[in-house]
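Notes follow once the structure below has been shown.
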Amino acid sequence: MNPMDELTLTPSLTVTHDTIQLIAKSHRARRVLISRVVTALCLAALVISAVPLVLLLVQLVTRGASQLNTAFFTTLPQSPTIMSPNLTGGVSNAIIGTIALTVYASLMAIPVGVFAGVYLGESTSKFASVLRIVAQTMAGAPSILMGLFGFSFVVKFLHVGFSAIAGSFALAVLMLPVIAISTELSIRGVPNTLREAGLALGAKPHTISTKIVIPSALTGIVTGCMLAVARAVGETAPVLLTIGGGYINQWRPLNPVSALPLSIYINAKSEYPSERAQVWGIALVLVLFVFVVSLSARVWAARKQKRNS
Amino acid sequence: MTVLLDNLKDDDLTENISAGPSRGWYHWLIVIASSLFAVVSIGFVGSILAYSFPAWGHAATLITGRGWQSPTGPYGGLAMITGTLETSLLALTFAVLVGLGTSIAIVFLVPRRLRTIVATAVELLAAVPSIIYGLWGFLVLAPWMLKSFDPFLAKLPFSSAIFGPSSQQFGPSLLLASVVLGVMILPTFVAISREVISAVPNDLVEASYSLGATRWQVIKDVVLPAAKIGLLGATFLSLARATGETVAVALVAGGVADVQFHLLQPGTSIAAWIATQFGEAQGNEISALMALGVLLMLINFSLSLISRSLVNRQRKALARV
Chain A
1 MNPMDELTLT PSLTVTHDTI QLIAKSHRAR RVLISRVVTA LCLAALVISA VPLVLLLVQL
61 VTRGASQLNT AFFTTLPQSP TIMSPNLTGG VSNAIIGTIA LTVYASLMAI PVGVFAGVYL
121 GESTSKFASV LRIVAQTMAG APSILMGLFG FSFVVKFLHV GFSAIAGSFA LAVLMLPVIA
181 ISTELSIRGV PNTLREAGLA LGAKPHTIST KIVIPSALTG IVTGCMLAVA RAVGETAPVL
241 LTIGGGYINQ WRPLNPVSAL PLSIYINAKS EYPSERAQVW GIALVLVLFV FVVSLSARVW
301 AARKQKRNS
Chain B
1001 MTVLLDNLKD DDLTENISAG PSRGWYHWLI VIASSLFAVV SIGFVGSILA YSFPAWGHAA
1061 TLITGRGWQS PTGPYGGLAM ITGTLETSLL ALTFAVLVGL GTSIAIVFLV PRRLRTIVAT
1121 AVELLAAVPS IIYGLWGFLV LAPWMLKSFD PFLAKLPFSS AIFGPSSQQF GPSLLLASVV
1181 LGVMILPTFV AISREVISAV PNDLVEASYS LGATRWQVIK DVVLPAAKIG LLGATFLSLA
1241 RATGETVAVA LVAGGVADVQ FHLLQPGTSI AAWIATQFGE AQGNEISALM ALGVLLMLIN
1301 FSLSLISRSL VNRQRKALAR V
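Chains as they are written, first to last, in my numbering: chain A, 1 to 309; chain B, 1001 to 1321.
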């Protein structure tokens, strides 16, 4: 017998090569089987998570698309009555309100957020590191709290009342940390060699920042702002407590306005099927807007990055 | 000293210019912007605290009391606190179990070419406004659950003990709220955990494959241990999002302020209760709702601090590998 075929483990126990192979084979079969089962489970998880999300999107498109027509965008809402239950009108007030809210909120949040982000990106002071933690915590704060802030500060404390400015203030507070963090990350992504090259040319620190660092980081900064806008447009809770609503087309900052998410929230609970059906149209418009803004931000950023590298 | 070139602090280059007159308008612009941000953040906490102040006289009722008698009081918050815990923990269980499998499938099973598309799709879904999930839950899922799912649940053993009698007229329930929340935080969890899992160095994965490990052994013994802390961070972040969710829960939970452990019965959560009650609230009720907001803030801030520190620790651990 070949000595290689026989392994002596202990003086009393001998194991042949065949036995080892047999054990290894059966062990391997078990390992492979377990691996296959788990792989199948992971695929099942992928399907389970895809099904509700795909269903949601399909229903959103099929139910929403039939609601969209010119009157939907250009006329004021009308309340259905028992006599004419199909009367819904359009949502022009909510569209104008949402545009106004978003523009005011961006005007407030983008300048402060971007320059605060530049500070976070360039400074290593104690204040900057505290502010960084504050920004990260604020970015995850529930949006209803922004509503409470907008209500307590603008509506009550400043006695402005329910108004577009109160709502856009709440949305600006929501956008601010998001913009600051994304700006900080883009500023940090600019290599120090560029700053040193600027110094070597004799440029002043503020020239280096405005002429070298910010232009190099601009793609990331703009992407961050767009994503913040996309988030603010769809937020319901902050505007629920602050804008007051209303059935007229109006955009003035100190008067109450309506908004698309608010119309969804209110009309979803309507007792008229026609109003509940119209909600899908509003939802589709909102989701399309959010998708277009965030997709174009991502695609633009990816393309710029590719060109730079 | 200018804050602008702090990144180069250790460098000899900056020493000469540091002494120069660099505190120009630009320096002040960014300092003022960041101070404004700090002031807004302090105002955010301060303003909510200030308006909640009258309610803290009844702090015990607010935290342990049952029943919300508007407009006279007392205002008990126990139902909202238990509702928040029940719905968000159930949703988290669903999102973590399904989400972990999904992330593993995306990183290890989806073909490389499709991976960016799937990742982008997940991030887009995470950006869908929560009101849309609420709307879908309210108009589609609620009637479906009443018609098809509840009768199925009723056949299971111990059904009445866990789920209680189904409220036949209305779809909304704590279970529906948990399902909608779970579907909603799923993309958030997957977006982060996918990133954490794919950040595990490929060397480790390939080395263990070359030792003859099966895919599951690689995942179980190499990938998951390396990604452990980051995955925990993703879990806490998803939990923070679930506890703070407002309008979706307001639409599908039922909006009833009862301490309720039967999942098919209607309930509410802290955030949803603030949203539904705020419209008609006056005086003391507003401060009681603000005080609920303070509770929510405490829960959310501690969860997000925990998750941030976990994610940062993960990043440092991987940087060392």
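By construction, the Cβ of each residue, glycine as well, lies at the ideal position given by its N, Cα and C atoms.
If you're wondering where the values come from, they're calculated on a predicted model, not measured in any experiment.
Contacting residues, own chain, Cβ-Cβ under 7 Å from residue i (five flanking each side not counted)
i	result
B:S1198	V1107
B:L1289	I1274, Q1277, F1278 and A1281
A:I179	A109, I110, G113, V114, G117, G224, C225 and A228
B:L1153	S1159 and F1163
A:V293	M226, V229 and A230
B:Q1265	G1164, S1167, S1173 and L1174
B:W1068	Y1075, G1076 and A1257
A:S168	L101, Y104, A105 and M108
B:A1234	F1189, I1192, S1193 and V1196
Rounded C-alpha distance that separates residue i from residue j
i	j	result
B:V1179	A:K269	20 Å
A:L145	B:T1082	19 Å
A:Y272	A:I282	16 Å
A:V285	A:K126	44 Å
B:L1092	A:H206	47 Å
B:I1104	B:T1243	26 Å
A:A164	A:I243	5 Å
B:A1127	A:V58	17 Å
A:S49	A:T16	50 Å
A:G202	B:L1036	31 Å
A:L171	A:V91	21 Å
A:F304	A:M226	Note on residue identity: the sequence assigns Lys, not Phe, to residue 304 of chain A. Whole-angstrom Cα-Cα distance: 15 Å.
B:V1140	B:A1213	45 Å
A:K306	A:V190	15 Å
A:S152	A:F162	11 Å
A:Q67	A:W280	7 Å
B:V1045	A:T137	12 Å
B:G1101	A:C42	4 Å
B:A1095	B:S1193	11 Å
A:R298	A:A217	15 Å
B:L1295	A:V32	50 Å
B:V1183	B:L1292	26 Å
B:L1239	B:L1089	7 Å
B:I1030	A:I208	14 Å
A:L120	B:L1303	23 Å
Cβ-based neighbour list, residue i, same chain, cut-off 8 Å, excluding 5 preceding and 5 following
i	result
B:E1285	S1070, P1071, G1073, Y1075 and Q1277
A:K211	G198 and A203
A:Y247	L76, P77, N93 and S258
B:V1118	I1106 and V1110
A:N267	E275, R276, Q278, V279 and I282
B:Q1217	S1208
Contact test: residue i Cβ vs the ligand ZN heavy atom, cutoff 6 Å
i	result
A:L185	In terms of ligand content, the structure shown is empty, and the ligand ZN therefore cannot be addressed.
Buried versus exposed, by CB contacts within 10 Å (16 or more), residue i
i	result
A:L46	buried
A:A135	buried
A:A197	exposed
B:F1163	buried
B:G1171	buried
B:P1021	Its pLDDT being 43, under 50, B:P1021 is placed unreliably by the model, and the measurement read from it follows with that caveat. Per the 10 Å Cβ criterion, exposed.
A:T74	exposed
B:R1113	exposed
B:L1231	buried
B:W1136	buried
A:T62	exposed
A:G147	buried
B:G1283	exposed
Cβ-based neighbour list, residue i, same chain, cut-off 6 Å, excluding 5 preceding and 5 following
i	result
A:V290	A230 and G234
A:T236	P261 and Y265
*asked:* Output needed in chain order: residues of the segment 132-149 of chain A with a Cβ under 9 Å from some Cβ in chain B.
replied: I133, V134, A135, Q136, T137, M138, A139, G140, A141, P142, S143, I144, L145, M146, G147, L148 and F149
*Residues in the segment 1146-1168 of chain B with C-beta within 8 Å of chain A's C-beta atoms, listed in sequence order?*
none
*Which residues, in chain order, does the segment 1269-1285 of chain B contribute to contact with chain A at a C-beta distance below 9 Å?*
Residues passing the 9 Å Cβ filter: I1270, A1271, A1272, I1274, A1275, F1278 and G1279.
*asked:* Using a Cβ-Cβ cutoff of 8 Å, what residues of the segment 1178-1192 of chain B are near chain A? List them in chain order.
replied: V1183, L1186, P1187 and V1190
*Identify every run of the alpha helix (DSSP H) within the segment 1146-1230 of chain B, keeping only runs that are complete inside it and at least 4 residues long; order them along the chain.*
Counting whole runs of 4 or more residues, the segment 1146-1230 of chain B contains the alpha helix (DSSP H) stretches 1150-1155, 1159-1162, 1174-1198, 1202-1210 and 1215-1218.
*asked:* I'd like the ranges of any alpha helix (DSSP H) spanning at least 4 consecutive residues and lying wholly in the segment 127-204 of chain A.
replied: 143-149, 164-189 and 192-200
*Taking a cut of 8 Å between CB atoms, which residues from the segment 225-246 of chain A lie near chain B?*
L227, A230, R231, V233, G234, E235, T236, A237, L240 and L241
*asked:* To test your reading of the DSSP string, which unbroken beta strand (DSSP E) runs of 3 or more residues are found completely within the segment 10-46 of chain A?
replied: The qualifying runs are 13-16.
*Residues of the segment 290-302 of chain A with a CB closer than 8 Å to any CB of chain B: list them in chain order, please.*
V290, F291, S294, L295 and R298
*Give the residues from the segment 249-274 of chain A that approach chain B closer than 7 Å (Cβ to any Cβ), ordered along the chain.*
P261, I264, Y265 and A268
*Please list the residues of the segment 103-121 of chain A that have a C-beta atom closer than 9 Å to any C-beta atom in chain B, keeping them in chain order.*
P111, V112, G113, V114, F115, A116, G117, V118, Y119, L120 and G121
*In chain order, what residues of the segment 202-223 of chain A put their CB closer than 8 Å to some CB of chain B?*
K204, P205, H206, I208, S209 and T210
*Interface residues of the segment 1285-1316 of chain B facing chain A [CB-CB below 7 Å]*: M1290, G1293, L1296, M1297, N1300, F1301, S1304, L1305 and R1308
*Residues from the segment 1032-1045 of chain B in contact with chain A, defined by Cβ distance under 7 Å*: Cβ contacts with chain A come from A1033, S1034, L1036, F1037, A1038, V1040, S1041, G1043 and F1044.
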